[in-house]
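A.B. asks:
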Amino acid sequence: MREREGALPNQIQPSAGMSATTINDRLVRMANQIALFFRSYPEEEAVSGIHKHIVAFWTPKMRRDLEGYAEEAGERLDALVHRALHEDPAVESPVRPATRDPQLVGEGASDAG
């Protein structure tokens, strides 16, 4: 698949004939995939993880489009995603931030054995 010039990889780019509904449906599908990943966590942690992921990795336009389409999507959009879009997270995300300093990688790991 060829990327459009200047487009970031994995960024949703409308193609000729692609309607806003199609783009919104893709956003719903992507958000539901994120929810599926977090579903194994306790509910509040799942909501926080979904919220953190969408804020960290989606463009502001993608977030606005999904928020604007969420009501119309109704039950097609996972209930955890609805909560993640409309509530401030009550707990920390279960996903730890990536370590930036290579000296800290493995900190706390055991050297026994």
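First residue of the sequence shown: 9, per my numbering; consecutive thereafter.
Glycine included, every Cβ here is placed at the ideal spot set by N, Cα and C.
All of these numbers come straight from a predicted model, not from anything done at the bench.
Should R91 be labelled buried (16 or more other beta-carbon atoms within 10 Å of its own) or exposed?
C.D. replies: Taking the sequence shown and counting its residues from 1, the one referred to as residue 91 is at position 83. Counting Cβ neighbours within 10 Å, R91 comes out buried, since at least 16 surround it.
A.B. asks: Just the C-alpha distance for V36 and S48, rounded to the nearest angstrom, thanks.
C.D. replies: For this step, residue 36 is matched to residue 28 along the sequence shown. For this step, residue 48 is matched to residue 40 along the sequence shown. Computed Cα separation, rounded: 19 Å.
A.B. asks: Do V89 and E53 come within 8 Å of each other at the CB atom, strictly closer than that value?
C.D. replies: In the sequence shown, residue 53 corresponds to position 45, counting from 1. In the sequence shown, residue 89 corresponds to position 81, counting from 1. Taking 8 Å as the Cβ cut-off, E53 and V89 do not qualify as a contacting pair.
A.B. asks: DSSP three-state call for A98: helix, strand or coil?
C.D. replies: Residue numbering aside, residue 98 sits at position 90 when the sequence shown is read from its first letter. Reduced to three states, the DSSP call for A98 is coil.
A.B. asks: Can you tell me which of R84, D73, E95 puts its alpha carbon nearest to the alpha carbon of Q41?
C.D. replies: Here residue 41 is taken as the residue at index 33 of the sequence shown, counted from 1. Here the closest residue by C-alpha is R84.
A.B. asks: Just to check, is the beta-carbon of R84 closer than 7 Å to a non-hydrogen atom of the ligand PLP?
C.D. replies: Because no ligand of any kind appears in the structure shown, any question about the ligand PLP cannot be addressed here.
A.B. asks: So for T67, helix, strand or coil by DSSP?
C.D. replies: Counting from one through the sequence shown, the residue named residue 67 turns up at place 59. DSSP places T67 in coil when its eight states are reduced to three.
A.B. asks: In whole angstroms, what separates the C-alpha of L93 from that of E75?
C.D. replies: Working through the sequence shown from its first residue, we reach residue 93 at position 85. Working through the sequence shown from its first residue, we reach residue 75 at position 67. Approximately 7 Å between the Cα atoms of the pair.
A.B. asks: I need the DSSP call for S48, collapsed to helix, strand or coil.
C.D. replies: Residue numbering aside, residue 48 sits at position 40 when the sequence shown is read from its first letter. Coil at S48, not helix or strand.
A.B. asks: Only counting the same chain, and skipping five residues up and downstream in sequence, which positions put a Cβ closer than 6 Å to that of D86?
C.D. replies: Sequence index remark: in the sequence shown, residue 86 carries index 78 (1-based). Excluding positions up to five away in sequence, the list reads N40, A43.
A.B. asks: So the candidates are G82, R71, K69, V55; which of them puts its Cα closest to the Cα of D96?
C.D. replies: Against the sequence shown, residue 96 aligns to sequence position 88. Out of G82, R71, K69, V55, V55 has the C-alpha closest to the C-alpha of D96.
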